[in-house]
Amino acid sequence: MTCFATYTATQADVDKGVITNVATATGTPTRGTLPPSNESAAKVTAPAAPALSLVKSASVSEVTRAGQQIEYSFELTNTGNVTLENVTAIDDEAQFTGFGDLSPVICPEAAASLAPAAS
């Protein structure tokens with residue numbers, strides 16, 4: 000006899016990396032006492048495939064006068080299959096060609112953790 004059960008994996012399962020299910024069997028004998036069955040486990044792995052994409056954009060496409068402010072935005076998207084923690088954007092100041100001061104990048108604290116497909 001073959002029995003079946005189903006389970007839908009959650010994001011927490013994928014983040015953990017493995018799902019283990021342990022089972023035993025029982026029955027009622029027509030006579031005598033049935034000893035306990037052995038335990039049998041099935042392990043399903045969830046390989047991590049972390050990935051992060053970044054799209055940087057500027058609030059203007061050209062500067063027409065000194066003193067004009069440019070705001071840079073950084074859209075970070077979790078394109079992998081596991082939750083990412085401590086997510087932030089880092090400006091590469093070595094490649095910045097402006098002559099003034101570039102402000103630090105500010106990311107909302109609530110976005111420090113990104114679920115898959117979240118931005």
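Read in numbering that gives the first Met the number 0, the sequence shown has 109 at position 110, and its numbers run on one by one without any break. Yeah, the Cβ is synthetic: ideal placement off N, Cα and C, and Gly gets one too.
Cβ neighbour criterion (16 or more within 10 Å) applied to residue i
i: L125; result: Outside the shown range of the chain, which is 0 to 118, sits residue 125, and nothing can be said about it.
i: N77; result: buried
i: V81; result: buried
i: L113; result: buried
i: L83; result: buried
Assigned secondary structure, residue i (DSSP; H/G/I helix, E/B strand, else coil)
i: V43; result: strand
i: V13; result: helix
i: E74; result: strand
i: A57; result: strand
Where the beta strand (DSSP E) containing residue i begins and where it ends
i: V21; result: V17 to A22
i: S118; result: No beta strand (DSSP E) contains S118, which DSSP labels as neither H nor E.
i: S102; result: Segment: none, S102 is in no beta strand (DSSP E) and carries neither H nor E.
Residue i at chain C interface by Cβ criterion, 8 Å
i: T63; result: Of the protein chains in the structure, only one exists, and it is not chain C.
(request) Examine the Cβ distances between the segment 9-20 and the segment 38-45 and report whether three or more of them are shorter than 8 Å. (result) The answer is yes - the segment 38-45 touches the segment 9-20, with three or more Cβ pairs under 8 Å.
(request) Spell out a yes or no on whether the segment 28-44 and the segment 68-86 are touching, meaning 3 or more CB-CB pairs, one atom from each, closer than 8 Å. (result) Result no; under three Cβ-Cβ pairs closer than 8 Å.
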